[in-house]
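Undergrad: The structure that follows is given in the form of structure tokens.
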Ligand SMILES: [Zn+2]
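In the numbering used here, the protein residues as written are 428 to 1162.
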């Protein structure tokens, strides 16, 4: 999930950069505007459908100072112990030798070729392949000779979304009646009745998702009450944590300004005058900010004491009655009934979040709540009506009809599952599922052996970690039990009076019905797939159901081909999958057991030993200089750095057991997979990410193990050399 977040964050950061330029009065050239527009489409397609605006962790302040620093130092390469070779304009003229800078050596050709694509925020081998799913699916949609129920339904929807003239002609007229009903509300009781009404097809304040918290039990329901426009499920509260750091505050403000722009454009389109709409959007963004702080941020549990995450999870598991008791003001039972999710044995909700929500849900705030409800309905329907042109005086970026149509299809509420399945059928090589499942199993078995041989870990912890590894569910290219059966979906074609919005509502109800059937049924060990579009470029470990997940969007030709060598497979996708699986027994992952229950698997002494290992790694990263006087914060990225180190070790263990393994080819492909050029303007976004920069992912981890030294003859004095007593290993007899 982390990788995915990073991509969407970056996409939005660039949209915001564009918006800010516009706010500052700059015009920007046409090329920039259209590229920002494309990016909007990519980022807005990522929501659960309840809210479609993504959020970002942009860091404008640092970005600005980065730019200044680079102007002062146009010459000379920066970064050590290796040059920060992905930073645009920071590549050595001569290709470095592998023994001095492994990453820059093998990624060199890519880095040279892509040095000057300065308008593209994410020039990378992975991004180059990111469109393969979309391209494959769009070809199938447009090929009218291709038949099949699901594809035909998808085609109806896509064509309606691509029909710009029809959307323009319809305008807001289909949404307006719902807005009018909100406007007509005069009391909190009436608002409660409206949000629970079956003929009001929106749930502006509650997202409810099928999930599991014990893979041997039944599916439960996660409840997310919110006033947010950002996607709470994916983003968490990272952007809203109370902080004294002015840079973080500014980043949060920039992001809210960007989201507010669309809100104000929508309100204006629905009849408010321009000034009031702007004022209202500011007010709503304040709401967002004040409520967002109750969400758990991605780093919350990294900083908390071991076990806090499990403790919170236990405290937040409730029955429906308990849930209702905690929600005295908001009609939660009625809303869940409307969503078909009132039959679960158990619910999870953040108690503090629900309390904060109820504290605001009072008659005193009625006008704010109505305004919020309108804005959220407008936000949800935005991908299914004509594009907003203007927010106040600011022209909003427009996307092409095809980009708009694809975004409309690529939502969990619409056709994301069908898109993923179509790609699996049409674009993914035949042996991928089997081979990637085998690879995942091989990695799991390797970790079991490594953990078993690890001297610092006690026997009890070992047993529990090994039990956990034994039970990891491997979900490759499809969720457990398969995708939803869409054979019952019947959209209304345009010539029979169907519209994009009316069909969106049919699709959404269809999804709700599919999910409702799962509530209370045996647990699905891939329930996270109900929260994330399987079209995204993503592979992730999920501790709530102890599963490794490789979704179709991730399997591009860069990472998989049926005839790919073992070396290429391990150096590419293998490293990532091994990274992800190691999250199952790291500081966070070890807080849930083999069945996904919130029961820690480490004994206290082993937690201390684990932290000692990762602290040493953090310290090593903290000594790395990206730029003069810009050193890394090792603690901030140590969770991901430790997963990288584990992933590298697992790959090299598998390599060791393989006859005639070609290590050069392995390292070569790893570098090429992570090849990336980062424009200076967004360098700070990457530098502040919780994942190490690509060159460090390769260089730091390879220099911890013998194969690097044996393959390239690395000796003291070479750039890649690290003295044996400085090398850090997490697992196995040498750890
Ligand atoms: Zn990770």
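No residue lacks a Cβ here, since even glycine has one placed at the ideal position from N, Cα and C. Bear in mind that the values here come from a model prediction, so they are computed numbers and not experimental data.
Can you tell me whether DSSP reads residue 822 as helix, strand or coil?
TA: strand
Undergrad: Looking at ligand 1, does it come within less than 7 Å of residue 1007, judged from the CB to the closest heavy atom?
TA: Correct: residue 1007 has its Cβ closer than 7 Å to ligand 1.
Undergrad: Spell out a yes or no on whether the region 814-823 and the region 781-791 are touching, meaning 3 or more CB-CB pairs, one atom from each, closer than 8 Å.
TA: These segments do not touch.
Undergrad: Work out the CA separation of residue 560 and residue 854 for me, nearest whole Å.
TA: 7 Å
Undergrad: Are the Cβ atoms of residue 937 and residue 848 separated by less than 8 Å?
TA: no
Undergrad: Mapping the DSSP letters down to three states, classify residue 905 as helix, strand or coil.
TA: Three-state result, residue 905: coil.
Undergrad: Distance, Cα to Cα, residue 488 vs residue 672?
TA: Unreliable positioning characterises residue 488 in this predicted model, as indicated by a pLDDT of 29, which lies under 50. A coordinate reading is not provided.
Undergrad: With H, G and I counted as helix, E and B as strand and the rest as coil, what does DSSP make of residue 1156?
TA: coil
Undergrad: Could you name the residues of the same chain whose beta carbon sits closer than 8 Å to that of residue 613, not counting the 5 residues immediately before and after it, in chain order?
TA: none
Undergrad: Would you mind sorting residue 917 into buried or exposed? The rule is 16 or more other CB atoms within 10 Å of its CB.
TA: Under a 10 Å Cβ-count criterion, residue 917 is classified as exposed, with fewer than 16 other Cβ atoms of the shown protein chains found around its own Cβ.
Undergrad: What do you reckon, are the CB atoms on residue 1071 and residue 1124 nearer than 8 Å?
TA: yes
Undergrad: So residue 1063 is in the alpha helix (DSSP H); what residue range does that whole segment cover?
TA: 1061-1083
Undergrad: Can you tell me which of the three DSSP states residue 744 falls into?
TA: strand
Undergrad: Shorter than 7 Å, the distance from the beta carbon of residue 969 to the closest heavy atom of ligand 1, or not?
TA: no
Undergrad: If residue 1076 sits next to residue 1158, beta carbons under 8 Å apart, how far is it from one beta carbon to the other, in whole angstroms?
TA: 6 Å
Undergrad: Quick one: is the Cβ of residue 579 within less than 7 Å of any heavy atom of ligand 1?
TA: no
Undergrad: Indicate, with yes or no, if ligand 1 has a heavy atom lying under 7 Å from the CB of residue 1070.
TA: At least one heavy atom of ligand 1 is nearer than 7 Å to the Cβ of residue 1070, so yes.
Undergrad: Assign residue 479 to one of three DSSP states: helix, strand, or coil.
TA: In this prediction, residue 479 has a pLDDT of 27, which is less than 50 and means its spatial position is unreliable; nothing more can be read from the coordinates.
Undergrad: Between which residues of its own chain and residue 623 is the CB-CB distance below 6 Å, once the five residues before and five after are set aside?
TA: 758, 761, 762 and 765
Undergrad: Closer than 8 Å is the cut-off here; do at least three beta carbon pairs connect the region 831-844 with the region 884-896?
TA: no
Undergrad: Is residue 1010 near ligand 1, going by C-beta to nearest heavy atom under 7 Å?
TA: yes
Undergrad: Can you list, in chain order, the residues of its chain whose CB lies under 6 Å from that of residue 530, leaving out five sequence neighbours each side?
TA: Within the same chain, residue 530 has close Cβ partners 1098, 1122, 1125 and 1126.
Undergrad: Since residue 648 is in the beta strand (DSSP E), which residue starts that stretch and which ends it?
TA: 647-652
Undergrad: My guess is that residue 702 and residue 809 are in contact by the Cβ rule of under 8 Å, so how many angstroms apart are they, rounded?
TA: That pair is no contact at about 22 Å.
Undergrad: Using the DSSP secondary-structure output, state which residues sit across from residue 618 in a beta bridge.
TA: Note: residue 618 sits in no beta bridge, so no partner.
Undergrad: Report yes or no: do the region 896-907 and the region 951-960 share at least 3 C-beta pairs separated by less than 8 Å?
TA: yes
Undergrad: Closest to residue 1053 by C-alpha separation, out of 607, 1119, 537 and 780, would be which residue?
TA: 1119
Undergrad: Under 8 Å, with one C-beta from each stretch per pair, do the region 913-930 and the region 583-593 reach the 3-pair mark?
TA: yes
Undergrad: Taking the alpha helix (DSSP H) that residue 893 belongs to, which residues open and close that run?
TA: 886-897
Undergrad: For residue 1155, which residues of its own chain have a beta-carbon under 8 Å away from its beta-carbon, when the five flanking residues on both sides are left out?
TA: Excluding five sequence positions before and after residue 1155, the CB atoms of its chain that fall closer than 8 Å to its own CB belong to 1040, 1043, 1044, 1047, 1072 and 1131, given in chain order.
Undergrad: State yes or no: is the C-beta of residue 1067 nearer than 7 Å to some heavy atom of ligand 1?
TA: yes
Undergrad: Measure the alpha-carbon distance for residue 634 versus residue 1025 and round it to whole angstroms.
TA: 22 Å
Undergrad: Can you tell me whether residue 881 is buried or exposed, with buried defined as 16 or more other CB within 10 angstroms of its CB?
TA: buried
Undergrad: Would you tell me roughly how many angstroms separate the C-alpha atoms of residue 572 and residue 826, rounded to the nearest one?
TA: Those two C-alpha atoms are separated by around 28 Å.
Undergrad: Taking only the alpha-carbon atoms, compute the straight-line gap between residue 707 and residue 797 and give it to the nearest angstrom.
TA: Residue 707 and residue 797 have their C-alpha atoms some 11 Å from each other.
Undergrad: Kindly give me the distance between the Cβ atoms of residue 1102 and residue 534, rounded to whole angstroms, as I take these residues to be in contact under 8 Å.
TA: Confirmed, about 4 Å.
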